[in-house]
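Data block below; observations after.
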Amino acid sequence: MNRYPPDAPVEVRPYQSRREGDTAVIGDDLRGVYLSIPIEGLDILDSLARGRTVGETVRSYEDKHQESPDIEPFLDALAEEGFVNPSRADAVAPPKKERQKWWNLDWVSQKAAKRLVNTPVILLGFAIIATGIWLASTTPGLMPDATALQFKDHYWMYIVVLSIVSMATVFLHELAHVLAARSVGVKARIEIGNQLYLIVGQTDMSGVWLLPRRKRLLAVVAGVLFDLTAMSTLLIVLWLDHSGVAPLPEPVRVVLNALVFSYVIRFIVQCYMFVRTDLYYAVAIALNTRSLMADTEAYLLNLWRRVRRARVRIDQSAVRRKEMWAIRLYAVLWVVGRLAAIASLVFITIPLIIYYGGLLGTLLFTGTGANGFGLLDMLSISLLFTLYNGGGVVMWINSLVKTRRRRKAHPDRVLVT
Numbered sequence: 012m013n014r015y016p017p018d019a020p021v022e023v024r025p026y027q028s029r030r031e032g033d034t035a036v037i038g039d040d041l042r043g044v045y046l047s048i049p050i051e052g053l054d055i056l057d058s059l060a061r062g063r064t065v066g067e068t069v070r071s072y073e074d075k076h077q078e079s080p081d082i083e084p085f086l087d088a089l090a091e092e093g094f095v096n097p098s099r100a101d102a103v104a105p106p107k108k109e110r111q112k113w114w115n116l117d118w119v120s121q122k123a124a125k126r127l128v129n130t131p132v133i134l135l136g137f138a139i140i141a142t143g144i145w146l147a148s149t150t151p152g153l154m155p156d157a158t159a160l161q162f163k164d165h166y167w168m169y170i171v172v173l174s175i176v177s178m179a180t181v182f183l184h185e186l187a188h189v190l191a192a193r194s195v196g197v198k199a200r201i202e203i204g205n206q207l208y209l210i211v212g213q214t215d216m217s218g219v220w221l222l223p224r225r226k227r228l229l230a231v232v233a234g235v236l237f238d239l240t241a242m243s244t245l246l247i248v249l250w251l252d253h254s255g256v257a258p259l260p261e262p263v264r265v266v267l268n269a270l271v272f273s274y275v276i277r278f279i280v281q282c283y284m285f286v287r288t289d290l291y292y293a294v295a296i297a298l299n300t301r302s303l304m305a306d307t308e309a310y311l312l313n314l315w316r317r318v319r320r321a322r323v324r325i326d327q328s329a330v331r332r333k334e335m336w337a338i339r340l341y342a343v344l345w346v347v348g349r350l351a352a353i354a355s356l357v358f359i360t361i362p363l364i365i366y367y368g369g370l371l372g373t374l375l376f377t378g379t380g381a382n383g384f385g386l387l388d389m390l391s392i393s394l395l396f397t398l399y400n401g402g403g404v405v406m407w408i409n410s411l412v413k414t415r416r417r418r419k420a421h422p423d424r425v426l427v428t
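Our numbering applies: residue 12 is where the sequence shown begins, and numbers increase by one.
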């Protein structure tokens, strides 16, 4: 039975669209669903939305393109995502209204958000970042290294304070995304997710894909710009302390040094181009590619299979030449990101594990902690490590298992996640 009779109209749900080159993005802001489709597909959807029947739409397409569209699978795909119904008689159920959460700043108007996210504010941020970089590069010993996280006394106090402040700064990072999205008229919501084995905050602002490239880029990089500005501000404060202009109490100095290096770690994680970080999305927007990560991983997998002389290859013949150039370029960044992850593991994570593992081992096997390391210190470290890294590992393994199952089921396909 034909689900889309030629003489029947199709119910089309209200949508927004943006044309760019030979593709288009359609979206339903109320449901938070966005799709990238061929530009010809948008012509079909626009025709149906104007009340034309399926037959009239097909004839209009044939007159314009001199070929018949494979319209039924296309409409099935749109129906699966809730954009169309086969008949006007089948009403599309309205989306359930989500409960507003104050931290998503739904109560902040676009006009108010623009007062905080605008050209003068951004230029001020760049000036602070430039100042921080200049001070760090010209003042020996100002920029802390990994030892800033290796506390020498009052372990549990420093660890708890740093954890609380770090969580607050992560929240502010996500709020920067939300404000930037609100400033361009897009709603956003903060979620908890993972990057590899790390639990991270994430901001869902899918609606930005309907905006021009410049506005998309601003919303995507807002968090990184906030982090760099905050880190540079802390470096300026530490420079004032270092130069004797405004001396800091030792506990404050210890926490600020640790916080600066935690910002360094976050920026390194942003450079993990093999996961979808803010910088990944910024590069994808700049290169104007549709599925950069999936296509790059398929390209690298084909290279690996070529080395192994495997027969099964992923067909990338449909990828445009311009996009293939971008994929090859990003493949280099993907590999560099892997190397950065390995380097941070070797030079940051493992030394920290050895340091605190040594303190824990000394306490457990001798009953006496080194440098005043006691039971409360051990419990605080163990609890935070278990909650943060343990939860991240579980989420990471779950995502790896799902990806492996999909890859095993479809070895010749590009997997978009």
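We treat Cβ as the ideally placed atom computed from N, Cα and C, and that holds for glycine. Bear in mind the structure is a predicted one, so any value in this text is a computation, not a measurement.
Residue(s) in a DSSP beta bridge with residue i
i: Q27; result: G38
i: S47; result: V36
i: V95; result: V23
Exposed unless 16 or more other CB atoms sit within 10 angstroms - verdict on residue i
i: I408; result: exposed
i: N129; result: exposed
i: M178; result: exposed
i: N268; result: buried
i: I353; result: exposed
i: D39; result: buried
i: P25; result: exposed
i: L314; result: exposed
i: K413; result: exposed
i: A230; result: buried
i: L221; result: buried
i: K198; result: buried
i: D164; result: exposed
i: R225; result: exposed
i: L363; result: exposed
i: I361; result: exposed
i: F162; result: buried
i: L441; result: As displayed, the chain neither begins before 12 nor continues past 428, which places residue 441 out of reach and without an answer.
i: Q281; result: buried
Residue i (DSSP reduced to helix, strand or coil)
i: E202; result: strand
i: E22; result: strand
i: N299; result: coil
i: V280; result: helix
i: V132; result: helix
i: V330; result: coil
i: T307; result: helix
i: M335; result: helix
i: I353; result: helix
i: T150; result: coil
i: G196; result: coil
i: Q121; result: helix
i: P260; result: coil
i: F162; result: coil
i: T142; result: helix
i: F285; result: coil
i: A187; result: helix
i: A60; result: helix
i: I325; result: coil
i: E67; result: helix
i: E83; result: helix
i: M12; result: Only weak support exists for where M12 lies, its pLDDT of 45 falling under 50; the value from the coordinates is given anyway. Here M12 sits in coil by DSSP.
i: L398; result: helix
i: D156; result: coil
i: L340; result: helix
i: R316; result: helix
i: L116; result: coil
i: E73; result: helix
8 Å contact criterion, which residue i and residue j should meet: CB distance rounded
i: I133; j: F94; result: Contact doesn't hold; Cβ gap of about 36 Å is too wide.
i: E202; j: G234; result: Actually they do not touch by this definition, with Cβ atoms about 14 Å apart.
i: R193; j: L135; result: Incorrect: roughly 19 Å between the Cβ atoms, too far for contact.
i: G143; j: S243; result: 3 Å
i: L395; j: F384; result: Contact flag wrong, Cβ pair sits at about 15 Å.
i: I296; j: L228; result: 5 Å
i: M284; j: V347; result: 7 Å
i: A337; j: L246; result: With 8 Å as the limit, A337 and L246 do not qualify as a contact, their Cβ atoms being about 34 Å apart.
i: L160; j: F272; result: 6 Å
i: G218; j: V181; result: Actually they are not in contact, since the Cβ atoms of G218 and V181 sit about 22 Å apart, beyond 8 Å.
i: V266; j: Y169; result: 7 Å
i: T68; j: I55; result: 6 Å
i: L59; j: V23; result: 5 Å
i: S28; j: L53; result: 6 Å
Test: residue i CB closer than 7 Å to a CB of chain D
i: Y166; result: Annotation note: the requested chain D is absent from the structure, which comprises a single protein chain.
- Item | Continuous alpha helix (DSSP H) assignments of at least 4 residues falling wholly in the region 207 to 256 | The DSSP assignment places 224 to 253 as complete runs of the alpha helix (DSSP H) inside the region 207 to 256, in order along the chain (cut-off: 4 residues).
- Message: Runs of 4 residues minimum, wholly inside the region 360 to 386: which ones carry the alpha helix (DSSP H) assignment?
- Response: 361 to 377
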